[in-house]
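One rule links them: number in our numbering = place in the sequence shown (from 1) + 2.
The beta-carbon is built from N, C-alpha and C at its ideal position, and this holds for glycine as well.
Since this is a predicted model, take the numbers as computed values, not measurements.
Contents: one structure, followed by commentary.
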Amino acid sequence: MSLPIELQSEAAAFDVRIRERASHGHIPDLRRTQPCDWFYNNPWRRPTFVDMVFGEYFRFALAHLGQPGGTVLEVGCGAGQMSLELARSGFHVTGLDISHAALDVAEQLAGENPYLQDFGSVRYIQADFQTWEAPARFDAICFFLTLHHFSDVDIVLDKVKSLLVPGGRIVAIEPARDWYAQSDGAVIALIRIVLALSGSWHDRKLAVPQDEASLHAYVQACLQEYTEARDRHEGPQSPHDNSAFAQRMLDTLRANFPELAFRKGNSFLHRMVGGVRGVDEARTERTAAFLRLFDEFCVRRDILHPGVFYFAGSKP
Numbered sequence: 003m004s005l006p007i008e009l010q011s012e013a014a015a016f017d018v019r020i021r022e023r024a025s026h027g028h029i030p031d032l033r034r035t036q037p038c039d040w041f042y043n044n045p046w047r048r049p050t051f052v053d054m055v056f057g058e059y060f061r062f063a064l065a066h067l068g069q070p071g072g073t074v075l076e077v078g079c080g081a082g083q084m085s086l087e088l089a090r091s092g093f094h095v096t097g098l099d100i101s102h103a104a105l106d107v108a109e110q111l112a113g114e115n116p117y118l119q120d121f122g123s124v125r126y127i128q129a130d131f132q133t134w135e136a137p138a139r140f141d142a143i144c145f146f147l148t149l150h151h152f153s154d155v156d157i158v159l160d161k162v163k164s165l166l167v168p169g170g171r172i173v174a175i176e177p178a179r180d181w182y183a184q185s186d187g188a189v190i191a192l193i194r195i196v197l198a199l200s201g202s203w204h205d206r207k208l209a210v211p212q213d214e215a216s217l218h219a220y221v222q223a224c225l226q227e228y229t230e231a232r233d234r235h236e237g238p239q240s241p242h243d244n245s246a247f248a249q250r251m252l253d254t255l256r257a258n259f260p261e262l263a264f265r266k267g268n269s270f271l272h273r274m275v276g277g278v279r280g281v282d283e284a285r286t287e288r289t290a291a292f293l294r295l296f297d298e299f300c301v302r303r304d305i306l307h308p309g310v311f312y313f314a315g316s317k318p
């Protein structure tokens, strides 16, 4: 299909990313993913880490989508890991994305799916959500880290309302990068430095700060990495990444959909857990489990700001 000019570069960026990942053994499937050492600091490096991050997203959605058997639209489904898992849970899912390469991977994984008991259905469509003409309305619509790619959230959510049946659900799990503060950067820096000093961090060449000035610089670098969601040597994920920020998204969601549930997600885990390197796999997993516990402890007590938020609402 032909995408609008302004989305062609966005689609191309995601085409390149999924092809590169797939060529290095990445399997974007919540149940069938395998260890992938090509990732140096990403939850997809180990299945346990995938469950800590993306599995948590899925469990929140499942708890708020209503009874299995309903129709679900996932906007920006990418390689289909969430759409496929929803179908495995009995929903009839339509996954929409602008990346042809990502949808090719999604189709392949759906075709290979061995978990057929209670399977609903899944189909994938390449389209721009804002111009797509849906053949029917849906019982639920999901955004998993995709709503922030739209610059005009009001227009997007107006379309969501038009595509939901009365009482239909919306689930949005989105980055909260604009909520980070310097205190978060300091904790992130501390954890990484301690991991590096103990030989448990992927970056063996991390220069441990020796004075206040160098420590301040590293704290600022960590904060920048988290607010921009990219390493210092990386470019932006895509041209439209960070088009909308957390507070704007959350305010607009609440203005349009009565809230069923809201939750603060992890603070640092998603850009930390994949970088842990223990002396063996068991030590790595124990370290990761503690980091998850510490992250949750700090967010729940407002010691750290969340890096992601979870929202569920319903159409009035």
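Note down, in chain order, each residue of its chain lying with its Cβ closer than 8 Å to the Cβ of residue i, except the 5 sequence neighbours on either side.
i	result
R33	E87, R90, Y117
L166	R139, F140, D141, A142, I143, I172, K317
V278	L197, S202, W203, H204, T286, T289, A290, L293
F62	V173, I175, A263, R265, Y312, A314
C300	V189, S269, L306
P70	S91, G92, F93, D120, G122
Excluding five sequence neighbours on each side, which residues of the same chain lie with their C-beta closer than 6 Å to the C-beta of residue i?
i	result
L149	A174, E176, M251
S341	The structure shown has nothing for residue 341, since the chain only spans 3 to 318.
P211	L217, Y220
Q132	none
T35	I29, P49, V52
H26	W40
P37	R48
For residue i, which residues from the same chain have a beta carbon less than 7 Å from its beta carbon, with the 5 sequence-adjacent residues on both sides left out?
i	result
V155	L149, A246, R250, M251, T254
H66	R171, V173, L262, A263, A314
K163	N258, K317
Q128	M3, D99, I100, H102, L105
D233	E227
L64	S91
L271	M54, V55, L293, R294, D297
G68	D141, A142, R171
F60	L32, M84, E87
L9	I100, D130
A183	H307
P168	K317
W319	Nothing can be reported for residue 319: it is not among the residues displayed for the chain, which extend from 3 to 318.
When the Cα atoms are used, what is the spatial distance from residue i to residue j?
i	j	result
D106	A81	8 Å
Y312	L225	22 Å
N44	E287	14 Å
R273	Y228	8 Å
L306	V74	33 Å
E58	G309	14 Å
L197	V158	42 Å
Q28	D282	First, the residue type needs correcting, since residue 28 is His and not Gln in the sequence shown. So the alpha carbons of these two residues sit roughly 22 Å apart.
S200	R21	35 Å
R256	G280	42 Å
K266	F146	15 Å
A209	R194	11 Å
R48	A112	21 Å
Q110	A13	19 Å
P6	R206	44 Å
K161	W181	27 Å
P260	G72	20 Å
W46	E214	35 Å
A319	A136	What is shown of the chain runs 3 to 318, which leaves residue 319 out entirely.
S185	A24	36 Å
A178	A231	10 Å
A108	N115	11 Å
F93	V18	30 Å
A223	L192	12 Å
S153	A248	12 Å
Y42	R303	30 Å
Are the C-beta atoms of residue i and some chain C residue less than 8 Å apart?
i	result
D154	Of the protein chains in this structure there is only one, and it is not chain C.
Here's the rule: buried if 16 or more other CB atoms are within 10 angstroms of the residue's CB, otherwise exposed. What is residue i?
i	result
H151	buried
D31	buried
S11	exposed
G276	buried
G187	buried
I190	buried
Y126	buried
Touching by the beta-carbon criterion (3+ pairs, under 8 Å), the region 52 to 64 and the region 121 to 130:
When C-beta atoms of the region 52 to 64 are compared with those of the region 121 to 130, fewer than three pairs fall below 8 Å, so the two segments do not count as touching.
Threshold first: 4 residues or longer. Then list the alpha helix (DSSP H) segments lying entirely within the region 207 to 262, N to C.
214 to 230, 248 to 258
Entirely within the region 58 to 123 and at least 3 residues each: give me those beta strand (DSSP E) ranges in chain order.
Counting whole runs of 3 or more residues, the region 58 to 123 contains the beta strand (DSSP E) stretches 73 to 77, 94 to 99.
Minimum length 4: unbroken alpha helix (DSSP H) runs contained in the region 272 to 318:
283 to 302
Can you check the region 138 to 221 for any alpha helix (DSSP H) of at least 4 residues that lies completely inside it and give the ranges in chain order?
155 to 165, 184 to 199
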